[in-house]
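Participant: Provided herewith is a single structure, encoded as structure tokens, for subsequent inquiry.
Numbering (my numbering), first residue to last: 12 to 488.
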């Protein structure tokens, strides 16, 4: 998905990025539905993350007795202040937060290996190895049913990687920066996601009583539990701070993702025009205010039935990222077809996806299978009542919402936007020229195109083996 997005973003560094790609290459109604649902997911996740951050503060004894309402407003104000610095403010804050998370992940990888090998003196379990992957435990708890139940959780964990596409219109050199950011994703997922989760699965039993005894989100974190099971003091507080940083990082992404998506839709006539306003410093002030208002929903969690309301709000965002990723893959597939039909070759592209169009087909297939698996889990939840309407809609509400939004815009466009009436845009009618980078436009010589396309490749080979190693480390960190 990231490679497909990078290919289109380098060629079309336009406002709204992937939402507009789906509108242009697939269908405006589907693109609008994905864009609105994507924005809603970020809008509703923000108050949840703020509430989670408040609960994590209670991990430290000095905060006991202080109501969460005392922390909500300062956290919201901090997030809004970041947005007033534009994309640069978002990027600088994310850089600082990510650096701390990376250092913590590297530290946990080292610690996890030591714990697994029995190298912690205070851990009476000794050598663990694969003990928690054998009877009575299991590497795949609840078998295939349990495996299907975590697709949405895993997809939500990856949410945010696509934000590089939204930043393209505000990036000084998207041709260089977007491919670099996209290529770094695979390294980071492999090391900081997969390796850390593998170690957690090796050193924390699935039936640990610490899961049920947790009084705050951070105490229920497998990372904190892993440290507590090893009998290590002080470190749980340090990792609680890291988890708090990670939560605020997600909240920061919420404010960026929702504001840029809604502003782009408004600028393209698909949302109220007042929301399209951007000041001289590139800040979408109206949608920032809208995001702040949604952030105030964090106060709902203080109510007696606030948790139930929050569960329904979060159900709106559960499947959204799968629809968006599938839409990006489909947009890339149709873009490649339209590119070829208009007589262009792949050599003319400023950047080509490493996995080609087949990577997009695989991405689309995985998204479809994940949606089918989630539908199965919604009908037959793990450990829950079968065919329960409340459970089904809490797990699959984003699906009916997408259909409703699609039909809503299709009905609106039938009256006011006749060009949007067809079910999808025919390949021969796809516009591949509006917003295209100059180097790929008509009138540019073949030599200039080849020189531009080769520029990125030449940079990778400059400096010999030493530069290659440095570049690999830079990609990881």
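By construction, the Cβ of each residue, glycine as well, lies at the ideal position given by its N, Cα and C atoms.
Given that a residue counts as buried once 16 or more other Cβ atoms are within 10 Å of its Cβ, and exposed if not, what is residue 12?
Facilitator: On the chain shown, position 1 is the one that residue 12 refers to. Residue 12 is buried by the Cβ-count criterion.
Participant: Looking only at its own chain, which residues have a Cβ that is under 7 Å from the Cβ of residue 296, when we skip the five neighbours before and after it?
Facilitator: Taking the chain shown and counting its residues from 1, the one referred to as residue 296 is at position 285. Correct list, in chain order: 288 and 290.
Participant: Taking C-alpha atoms, which residue in 323, 363 and 32 lies nearest to residue 177?
Facilitator: Within the chain shown, numbered from 1, the residue matching residue 177 stands at position 166. Among 323, 363 and 32, the Cα nearest to that of residue 177 belongs to 32.
Participant: My output table needs one value for residue 71: the three-state DSSP class, helix, strand or coil.
Facilitator: Position 60 of the chain shown, counting from 1, holds the residue named residue 71. Correct three-state label for residue 71: coil.
Participant: Under DSSP, the alpha helix (DSSP H) around residue 84 begins and ends at which residues?
Facilitator: Within the chain shown, numbered from 1, the residue matching residue 84 stands at position 73. Element bounds for residue 84: 80-94.
Participant: By how many angstroms is the C-alpha of residue 96 removed from the C-alpha of residue 24?
Facilitator: For the purposes of this step, residue 24 is taken as residue 13 along the chain shown, with counting starting at 1. For the purposes of this step, residue 96 is taken as residue 85 along the chain shown, with counting starting at 1. Approximately 21 Å, taken between the alpha carbons.
Participant: Assuming contact is defined by CB atoms lying nearer than 8 Å, are residue 55 and residue 275 in contact in what I supplied?
Facilitator: Numbered from its first residue, the chain shown carries residue 55 at position 44. Numbered from its first residue, the chain shown carries residue 275 at position 264. Cβ distance not < 8 Å, so residue 55 and residue 275 don't count as in contact.
Participant: Look at the alpha carbon of residue 456 and the alpha carbon of residue 20, and state the distance between them as a whole number of angstroms.
Facilitator: Taking the first residue of the chain shown as position 1, residue 456 is located at position 445. Taking the first residue of the chain shown as position 1, residue 20 is located at position 9. Here residue 456 scores only 47 on pLDDT, less than 50, and its place in the model is too uncertain to base an answer on.
Participant: Please say whether residue 340 and residue 374 have beta carbons closer to each other than 8 Å?
Facilitator: Here residue 374 refers to the residue found at position 363 of the chain shown. Here residue 340 refers to the residue found at position 329 of the chain shown. Going by C-beta atoms, residue 374 is nearer than 8 Å to residue 340.
Participant: Output the boundary residues of the alpha helix (DSSP H) element that contains residue 35.
Facilitator: Residue numbering aside, residue 35 sits at position 24 when the chain shown is read from its first letter. Its alpha helix (DSSP H) spans residues 29-36.
Participant: Just to confirm the assignment: which complete alpha helix (DSSP H) runs, minimum length 4, are found wholly within the segment 175-211?
Facilitator: Within the segment 175-211, the complete alpha helix (DSSP H) runs of at least 4 residues are 185-199.
Participant: Is it the case that the Cβ atoms of residue 278 and residue 26 are separated by a distance below 8 Å?
Facilitator: Counted from its first residue, the chain shown places residue 278 at position 267. Counted from its first residue, the chain shown places residue 26 at position 15. Contact: yes.
Participant: Where residue 75 and residue 87 are concerned, what is the direct C-alpha to C-alpha distance, given to the nearest angstrom?
Facilitator: Reading the chain shown from its first residue, position 64 is the one you call residue 75. Reading the chain shown from its first residue, position 76 is the one you call residue 87. So the alpha carbons of these two residues sit roughly 21 Å apart.
Participant: Indicate the three-state DSSP secondary structure (helix, strand or coil) for residue 393 in the structure shown.
Facilitator: Taking the chain shown and counting its residues from 1, one reaches residue 393 at position 382. The answer is coil: DSSP assigns residue 393 none of H, G, I, E or B.
Participant: Specify whether the segment 37-50 and the segment 235-244 touch according to this definition: at least 3 beta carbon pairs, one from each stretch, less than 8 Å apart.
Facilitator: At 8 Å Cβ cutoff, the stretches do not touch.
Participant: Please work out which residues of its chain come closer than 6 Å, Cβ to Cβ, to residue 326, disregarding the five sequence neighbours upstream and downstream, and give them in chain order.
Facilitator: Locating residue 326 in the chain shown gives position 315, counting from the first residue. Contacts found: 405 and 408.
Participant: If we count Cβ pairs, one from each stretch, closer than 8 Å, do we get three or more for the segment 375-382 versus the segment 297-305?
Facilitator: No: fewer than three Cβ pairs fall under 8 Å.
Participant: Could you tell me the alpha carbon to alpha carbon distance between residue 251 and residue 168, rounded to whole angstroms?
Facilitator: For this step, residue 251 is matched to residue 240 along the chain shown. For this step, residue 168 is matched to residue 157 along the chain shown. Taking the straight line from one Cα to the other gives about 18 Å.
Participant: To the nearest angstrom, report how far apart residue 242 and residue 155 are at their CA atoms.
Facilitator: Position 231 of the chain shown, counted from the start, is the residue given in the question as residue 242. Position 144 of the chain shown, counted from the start, is the residue given in the question as residue 155. Answer to the nearest angstrom: the Cα atoms are 34 Å apart.
Participant: Whose C-beta lies closer than 8 Å to the C-beta of residue 322 among residues of the same chain, with five residues either side of it excluded?
Facilitator: Taking the first residue of the chain shown as 1, we reach residue 322 at position 311. Taken in chain order, the residues that qualify are 405.
Participant: Can you tell which of 47, 68 and 60 has the C-alpha that lies nearest to the C-alpha of residue 283?
Facilitator: Within the chain shown, residue 283 is the residue found at index 272, counting from 1. The residue with the shortest Cα to Cα distance from residue 283 is 47.
Participant: By the three-class DSSP mapping on this structure, what secondary structure does residue 315 have?
Facilitator: For the purposes of this step, residue 315 is taken as residue 304 along the chain shown, with counting starting at 1. Coil at residue 315, not helix or strand.
Participant: Please state whether DSSP places residue 368 in a helix, a strand or coil.
Facilitator: The residue you call residue 368 lines up with position 357 of the chain shown. Residue state, collapsed to three classes: helix.
Participant: Just to confirm the assignment, what range does the alpha helix (DSSP H) spanning residue 10 have?
Facilitator: In this structure the chain extends from 12 to 488, so residue 10 is not present and cannot be described.
Participant: Count the other CB atoms, across all protein chains shown, that sit within 10 Å of the CB of residue 128; report buried if there are 16 or more and exposed otherwise.
Facilitator: By one-based count along the chain shown, residue 128 stands at place 117. Exposed: under 16 other Cβ atoms inside 10 Å.
Participant: Quick one: Cα of residue 18 to Cα of residue 190, how far?
Facilitator: For the purposes of this step, residue 18 is taken as residue 7 along the chain shown, with counting starting at 1. For the purposes of this step, residue 190 is taken as residue 179 along the chain shown, with counting starting at 1. One C-alpha to the other measures close to 8 Å.
Participant: If you run the structure through DSSP and keep just helix, strand and coil, what is residue 380?
Facilitator: In the chain shown, residue 380 corresponds to position 369, counting from 1. Helix, per DSSP.
Participant: Short check: CB of residue 120 to CB of residue 207, under 8 Å?
Facilitator: If you number the chain shown from 1, residue 120 lands on position 109. If you number the chain shown from 1, residue 207 lands on position 196. Contact: yes.
Participant: Quick test of your reading: residue 261 and residue 240, contact by CB under 8 Å. State the CB separation rounded to the nearest angstrom.
Facilitator: Counting from one through the chain shown, the residue named residue 261 turns up at place 250. Counting from one through the chain shown, the residue named residue 240 turns up at place 229. That pair is no contact at about 26 Å.
Participant: Spatial neighbours of residue 123 within its chain, please: CB distance less than 8 Å, with the 5 preceding and 5 following residues excluded, ordered by chain position.
Facilitator: In the chain shown, residue 123 corresponds to position 112, counting from 1. 207, 210, 211, 213, 214 and 237.
Participant: Do the CB positions of residue 37 and residue 436 come within less than 8 Å of each other?
Facilitator: Taking the first residue of the chain shown as position 1, residue 37 is located at position 26. Taking the first residue of the chain shown as position 1, residue 436 is located at position 425. The answer is yes: Cβ separation under 8 Å.
Participant: Rounded to the nearest angstrom, what separates residue 271 and residue 444 at their Cα positions?
Facilitator: Residue 271 sits at position 260 when you count from the first residue of the chain shown. Residue 444 sits at position 433 when you count from the first residue of the chain shown. The alpha-carbon atoms of residue 271 and residue 444 are separated by roughly 23 Å.
Participant: Is residue 15 buried or exposed, if buried means 16 or more other CB atoms sit within 10 Å of its CB?
Facilitator: Translated into positions along the chain shown, residue 15 becomes position 4. By the 10 Å Cβ count, residue 15 comes out buried.
Participant: Under three-state DSSP, which class holds residue 288?
Facilitator: Numbered from its first residue, the chain shown carries residue 288 at position 277. Reduced to three states, the DSSP call for residue 288 is coil.
Participant: Count the other CB atoms within 10 Å of the CB of residue 332; is the residue buried (16 or more) or exposed (fewer)?
Facilitator: The residue given as residue 332 occupies position 321 in the chain shown. Under this definition residue 332 is a buried residue.
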